[in-house]
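Before any comments, here is the structure.
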Amino acid sequence: MNDRSIRASDAPAAIERALHDLNRRWSAHILSLWKGETPETPPYAIYDGYDALLSLETLAGLDGVGDPERRRCLRHALMDHYLQRLLLPHELEMRTWMRGAKAEVDGEKIGFHEVIPWCQADHSYEKRQILQKETGALCKFLKPFVLNHWELLLSAIRDDLGFDGYVDYCSRKHDMDYGRWYPVMRDFLHQTDALYFDRMARWCEDRFHRPMADLTRFDSINLLSLAEFDGGYPSTALEDTLEFFSRWGFRLEDLPGLHLDMRTDKQSAQALSVFVDIPDAIHILMRPQGGWIDLETLWHELGHGLSAVFTDSGLSAVIRNMSTNYSLSEAYAFLLQNAVMSRPFLTGYLEISPADADILHYYKSLRDLAAFRRYAARFLAEYEMFSGGNLADGDPYARTMQRYTGFYHQPESHLFDLVPEFYSLNYLLGWMGEASLEKTLRDRWGAAWVFRRASGDRLRKWWHQGNRYDIFQFLARNRLAPVHTKPLLERWREALQPK
């Protein structure tokens, strides 16, 4: 049967194959865009012939699938494509306008997707001030396109798919009680206020010779990239670290399903892990910028990629490729990212002096606390926005972000900072899950666990389980400590004590 001839009455297996085909088509499209190539299939043609599949009748037919997890994954995979097709004309128009929108700073034109790497580079405070004014005007101009996109999405979620609203839709899709985590994240922010603001204010004074109150989100991007420490970054470290995995019993070049693209001539600065078909076609994409941020980015993406490529191929295609919860994958990503920046790795593998490693560890820990607080603040702002706030009003977002990060955020940029489906909580849960995984490895093999072959064996055992479980189920089934903020709070309090 041709996948494009799927009817609402067809068997779930046929619907599954068709959905997986659409997933692959979109993955190929993303890969082409990242590389700056012309996609083989233009986006407006991806859904040609799939009218019968992407219907509410087909969706209703999936209610008869017996296994509840398979039913949920299939239903939401179909909903994803239903909504994507509905919004595609508006998304293409919005993308076109955004591609043409460029800020100008002293004659240099900066595209929307280049703002973060531009800020990470060593530009002056005055230039970042100009960039903020420029992007503020661009956000005001583009806001109607983005707002229209969101309003159409929310209308379809309510009127076509029958959900009470966006929070209800995301909760059912990801099997997540967002209301439960709202007070947890708020309490963590309050618990770490003194620890964070005292040290961050001093860092801002030392780095920029300005009070924190004068700084914006663009200054924080520069600060948190750790670029001021790039002078001590080993020139060949990024490539050399790929050889490290032989200590864990495998080599990346021997993994046929894993594909790394790290060329510096690529169009997009955004690092991505694209799962075309788990475990057989995993793509890690990044454009190196230079410095410590590259090392962290590469190993973070390797955490995603390795956990996918070592997934048990015997798991069902739905479980492998249509998972709706990525907090466990984020736990692996943070685990590898933090391992490569740990004192044992810095001194024992990269041959950084112990004194320099201590300094880097302190500021990396402060940066991590700042990043966690930013994710938490953004989650609070987004939850409030979609729980009854005015989507067009950026003032509540700006107040929340400045309250908890200490840096000014533009009200007009709130829709451009918004991450769909409360993904900030995936980062938060993944980071808390990482603390449980790291403690298990450290308790078993010591602070230098990263150098032990047995650690690699244990990781492959965990990775083999794939997306069968979410982060809560995984930790429980593997008899690991549950998700909690306490281990991270203790980690950062210890690391940020005055020396």
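Convert by adding 21 to the 1-based position in the sequence shown; the result is the number in this note's numbering. Virtual Cβ for every residue (Gly too), placed ideally from N, Cα, C. None of these values were measured; they are calculated from a predicted model.
Close beta carbons around residue i, own chain, < 7 angstroms, minus the five adjacent residues each side
i: residue 388; result: 245 and 247
i: residue 461; result: 501
i: residue 24; result: Residue placement at residue 24 cannot be trusted, given a pLDDT of 49 that sits under 50; the coordinates are not used to answer.
i: residue 114; result: 166
i: residue 334; result: 300
i: residue 318; result: 292 and 307
i: residue 470; result: 462, 463 and 476
i: residue 123; result: 130, 131 and 132
i: residue 127; result: 148
i: residue 405; result: 417
i: residue 368; result: 375 and 378
i: residue 22; result: No answer about residue 22 holds up, because its pLDDT of 39 lies below 50 and its placement is not dependable.
i: residue 179; result: 186
i: residue 32; result: none
Residue i - partner residues in DSSP beta bridges
i: residue 374; result: The partner list for residue 374 (beta bridge, DSSP) is empty, contrary to what the question assumes.
i: residue 294; result: 305
i: residue 132; result: 123
i: residue 429; result: 237
Presumed contact (8 angstroms Cβ cut-off) between residue i and residue j, rounded CB distance
i: residue 321; j: residue 357; result: 7 angstroms
i: residue 95; j: residue 343; result: 7 angstroms
i: residue 175; j: residue 187; result: 6 angstroms
i: residue 354; j: residue 325; result: 5 angstroms
i: residue 484; j: residue 331; result: 4 angstroms
i: residue 442; j: residue 191; result: 5 angstroms
i: residue 348; j: residue 491; result: 6 angstroms
i: residue 44; j: residue 196; result: Not confirmed; about 20 angstroms, so no contact.
i: residue 297; j: residue 53; result: About 12 angstroms separates the two Cβ atoms, so there is no contact after all.
i: residue 290; j: residue 138; result: 4 angstroms
i: residue 448; j: residue 210; result: About 15 angstroms separates the two Cβ atoms, so there is no contact after all.
i: residue 340; j: residue 489; result: 6 angstroms
Enclosing beta strand (DSSP E) for residue i [first to last residue]
i: residue 303; result: 302–306
6 angstroms Cβ shell around residue i - same chain, five flanking residues per side excluded
i: residue 253; result: 377
i: residue 418; result: 402 and 435
i: residue 399; result: 445
i: residue 156; result: 124
i: residue 140; result: 239, 242 and 243
i: residue 269; result: 477
i: residue 486; result: none
Sequence-distant residues of the same chain with beta carbon closer than 8 angstroms to residue i, five excluded per side
i: residue 509; result: 393, 452, 453 and 456
i: residue 213; result: 390, 394, 510 and 513
i: residue 380; result: 250
i: residue 316; result: 254, 258, 259, 262, 361 and 362
i: residue 507; result: none
i: residue 538; result: Not covered by the structure: residue 538. The range shown for the chain is 22 to 520.
i: residue 416; result: 432
i: residue 51; result: 293 and 295
i: residue 173; result: 107, 108 and 111
i: residue 203; result: 400, 401 and 404
i: residue 62; result: 46, 49 and 50
i: residue 474; result: 268, 269 and 270
Element boundaries [alpha helix (DSSP H), containing residue i]
i: residue 82; result: 77–82
i: residue 48; result: 33–56
i: residue 494; result: 492–498
i: residue 508; result: 507–516
key: Unbroken stretches of the beta strand (DSSP E), 3 residues or longer, contained in the segment 240–282   = Runs of the beta strand (DSSP E) inside the segment 240–282: 279–282.
Ranges of the alpha helix (DSSP H) found wholly within the segment 204–234, counting only runs of at least 4 = As far as the segment 204–234 is concerned, its whole alpha helix (DSSP H) runs of at least 4 residues are 214–229.
key: Unbroken stretches of the beta strand (DSSP E), 3 residues or longer, contained in the segment 126–197   = Runs found: 129–132.
key: Contained alpha helix (DSSP H) runs [length at least 4] in the segment 324–400, N- to C-terminal order   = Fully enclosed alpha helix (DSSP H) runs of no fewer than 4 residues occupy 338–342, 348–361 and 364–369 of the segment 324–400, in order along the chain.
Whole runs of the beta strand (DSSP E) within the segment 409–490, excluding any shorter than 3 residues = Taking 3 residues as the minimum length, the segment 409–490 contains no beta strand (DSSP E) run wholly inside it.
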